[in-house]
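*Asks:* Can you keep this structure in mind? I'll have questions shortly.
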Amino acid sequence: MRLSRAETLPQAVMISLLFTCRRIASEMRGVALRTNRITFTTGFSAPEPISKSKASRAGRFWVLWECARIIKMEMLQHAAVCVSADVVNRLHKLYPLVSIYFDPPLKDSTSLPGWLLGFFNGYHSPLLLPWSELWGEAHHAALNLARNQDRPKFDALAIKALSLCDAGLMEGPCFDEQAMDMLMDWQPLPWSIPVEDQLAPSEQHFTEPRTDFECWDPNGVQESTQTKWFFSAAAVAIDFLSNLPLEERRNVQDITLLED
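Read in order, the letters of the sequence shown correspond to residues 163 to 422 in our numbering.
Here it is as structure tokens:
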């Protein structure tokens, strides 16, 4: 085999050298990921002119996530009678660590005017438990299990959480009454970095702006020019790794997250 350069005549090269170079290149592939620590920091989410509000995706996503979780808690509260013992038993099997907090309010539902989650009714659940991902999964499952018991009855009761006159925890609902199916299906991971097409359809169901303690006014976030929004370092890391080809991802050995 002969190789040549522009400034020299062709020179003979042993074919074994060619295969050796290829093997070295193959073995060195990914060495940078294997030997170096990858540090992820929070990702600044700048306002984007592509959105109607020109707000950052991180801020918009946080508002949607926060408002949806609160409204879904109220939906389950209004649809208390659809939460049967069978539903709670199934939650025990699926989510044993958090389902214990579903029991006391169910037992009291015969004497109280509705089945209230511990977050509302003073039961001894950890303060931040309702904002944990595990609780969110259990609560989302409870909604769907209860809806499957009697969908027409569930929908007729749960929709009260989307009616201004029946608002409970908040001064008014975040979403309009057409948001029922969207809320029942919408269960994003809190470490998601959503794209515009994942935010805009849900935002169309926002109600009129207002200010209250539990749920931030969406327009207040959108119009704030002093607030900087960031995606967490964990979200940035997960997004980066999920977009790496599997063979390259296997080479990652050491990761540091700086959640400042």
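Think of the CB as a built atom: it goes at the ideal place given N, C-alpha and C, for glycine as much as any other residue.
Can you give me the Cβ contacts of I400 inside the same chain, cut-off strictly under 7 Å, excluding the 5 residues immediately before and after it?
*Replies:* Taking the sequence shown and counting its residues from 1, the one referred to as residue 400 is at position 238. Excluding positions up to five away in sequence, the list reads W353.
*Asks:* Check whether the region 393-408 touches the region 360-368, counting contact only when three or more Cβ pairs, one atom from each stretch, lie closer than 8 Å.
*Replies:* no
*Asks:* Quick check on D364: does DSSP put it in helix, strand or coil?
*Replies:* Walking along the sequence shown from the start, residue 364 turns up at place 202. Per the sequence shown, residue 364 should be read as Ser rather than Asp. S364 falls in the helix class under three-state DSSP.
*Asks:* Taking the Cβ atom as the reference point for each residue, do F337 and M346 lie within a distance shorter than 9 Å?
*Replies:* The residue given as residue 337 occupies position 175 in the sequence shown. The residue given as residue 346 occupies position 184 in the sequence shown. Contact: no.
*Asks:* Give me the Cα-Cα distance between A362 and G221, rounded to the nearest whole angstrom.
*Replies:* To locate residue 362, count along the sequence shown from 1; it is residue 200. To locate residue 221, count along the sequence shown from 1; it is residue 59. Cα to Cα, the separation comes out at about 13 Å.
*Asks:* Please identify the residue among L305, L419, Q415 whose C-alpha is closest to the C-alpha of L195.
*Replies:* Looking up residue 195 in the sequence shown gives position 33. Minimum Cα distance to L195 is reached at Q415.
*Asks:* Beta strand (DSSP E) containing S207: first to last residue?
*Replies:* Along the sequence shown, one-based indexing puts residue 207 at 45. Taken as a continuous stretch (DSSP letters only), the beta strand (DSSP E) holding S207 covers 205-207.
*Asks:* Answer yes or no: do K315 and C244 have a C-beta to C-beta separation smaller than 9 Å?
*Replies:* Looking up residue 315 in the sequence shown gives position 153. Looking up residue 244 in the sequence shown gives position 82. In contact: K315 and C244 (Cβ atoms closer than 9 Å).
*Asks:* What did DSSP end up calling L351 once you bin it into helix, strand or coil?
*Replies:* Looking up residue 351 in the sequence shown gives position 189. If DSSP states are grouped into helix, strand and coil, L351 belongs with coil.
*Asks:* Given a cut-off of 9 Å on the beta-carbon distance, is the pair I417 and T201 in contact?
*Replies:* Residue mapping note: residue 417 aligns to position 255 of the sequence shown, counting from 1. Residue mapping note: residue 201 aligns to position 39 of the sequence shown, counting from 1. In contact: I417 and T201 (Cβ atoms closer than 9 Å).
*Asks:* CB A304 to CB L238, shorter than 9 Å?
*Replies:* Here residue 304 refers to the residue found at position 142 when the sequence shown is read from its first residue. Here residue 238 refers to the residue found at position 76 when the sequence shown is read from its first residue. Closer than 9 Å, so yes.
*Asks:* Hey, quick one: how far does the alpha helix (DSSP H) through F223 stretch, first residue to last?
*Replies:* Walking along the sequence shown from the start, residue 223 turns up at place 61. Where F223 is concerned, the enclosing alpha helix (DSSP H) stretches over 219-240.
*Asks:* On the DSSP letters alone, give me the boundaries of the beta strand (DSSP E) that F392 sits inside.
*Replies:* On the sequence shown, residue 392 is found 230 positions in, with the first residue counted as 1. Residues 391-393.
*Asks:* Relative to the alpha-carbon of I233, which residue among A395, K390, L406, M342 has its alpha-carbon at the smallest distance?
*Replies:* For the purposes of this step, residue 233 is taken as the residue at position 71 of the sequence shown. Checked all of A395, K390, L406, M342; the closest Cα to I233 is M342.
*Asks:* Report the residue from E295, D359, A320, L420 whose alpha carbon sits nearest the alpha carbon of A395.
*Replies:* Within the sequence shown, residue 395 is the residue found at index 233, counting from 1. Among E295, D359, A320, L420, the Cα nearest to that of A395 belongs to L420.
*Asks:* If I'm right that F223 touches F392 with Cβ under 8 Å, what's the distance once you round it to whole angstroms?
*Replies:* Here residue 223 refers to the residue found at position 61 of the sequence shown. Here residue 392 refers to the residue found at position 230 of the sequence shown. Wrong, their Cβ atoms sit about 11 Å apart, outside the cutoff.
*Asks:* DSSP on L403, reduced to helix/strand/coil?
*Replies:* Here the question's residue 403 lines up with position 241 in the sequence shown. Helix.
*Asks:* Sort N310, K322, S404, L256 by Cα distance to E236 and report the nearest one.
*Replies:* Residue numbering aside, residue 236 sits at position 74 when the sequence shown is read from its first letter. Per the Cα distances, K322.
*Asks:* By the DSSP assignment, the alpha helix (DSSP H) with L259 in it spans what residues?
*Replies:* Reading the sequence shown from its first residue, position 97 is the one you call residue 259. No alpha helix (DSSP H) contains L259, which DSSP labels as neither H nor E.
*Asks:* Please classify L324 as buried or exposed, where buried requires at least 16 neighbouring CB atoms within 10 angstroms.
*Replies:* Translated into positions along the sequence shown, residue 324 becomes position 162. Looking at its Cβ environment, which holds 16 or more other Cβ atoms inside 10 Å, L324 is buried.
*Asks:* Are the CB atoms of H302 and Q349 nearer to each other than 9 Å?
*Replies:* By one-based count along the sequence shown, residue 302 stands at place 140. By one-based count along the sequence shown, residue 349 stands at place 187. Cβ atoms of H302 and Q349: closer than 9 Å.
*Asks:* Please classify S404: is it buried, with 16 or more other beta-carbons within 10 angstroms of its beta-carbon, or exposed?
*Replies:* If you number the sequence shown from 1, residue 404 lands on position 242. Label assigned to S404: exposed.
*Asks:* Measure from the alpha carbon of P209 to the alpha carbon of each residue in L406, R199, W297, K390, then state which is nearest.
*Replies:* Within the sequence shown, the letter at position 47 stands for residue 209. When only C-alpha atoms are compared, the closest one is K390.
*Asks:* Within this structure, are the beta carbons of L253 and A300 separated by less than 9 Å?
*Replies:* Taking the sequence shown and counting its residues from 1, the one referred to as residue 253 is at position 91. Taking the sequence shown and counting its residues from 1, the one referred to as residue 300 is at position 138. It is a contact, given that the beta carbons lie within the stated cut-off.
*Asks:* Considering only their Cβ atoms, is the gap separating L296 from L259 smaller than 9 Å?
*Replies:* For this step, residue 259 is matched to residue 97 along the sequence shown. For this step, residue 296 is matched to residue 134 along the sequence shown. A contact, by the Cβ cut-off of 9 Å.
*Asks:* For A411, collect the residues of the same chain with a Cβ closer than 7 Å to its Cβ; drop the 5 residues on either side in sequence, then sort them by chain order.
*Replies:* Indexing the sequence shown from 1 puts residue 411 at position 249. Reading off the sequence shown, one finds Arg at residue 411, where the question assumed Ala. So the qualifying residues of the chain are L403.
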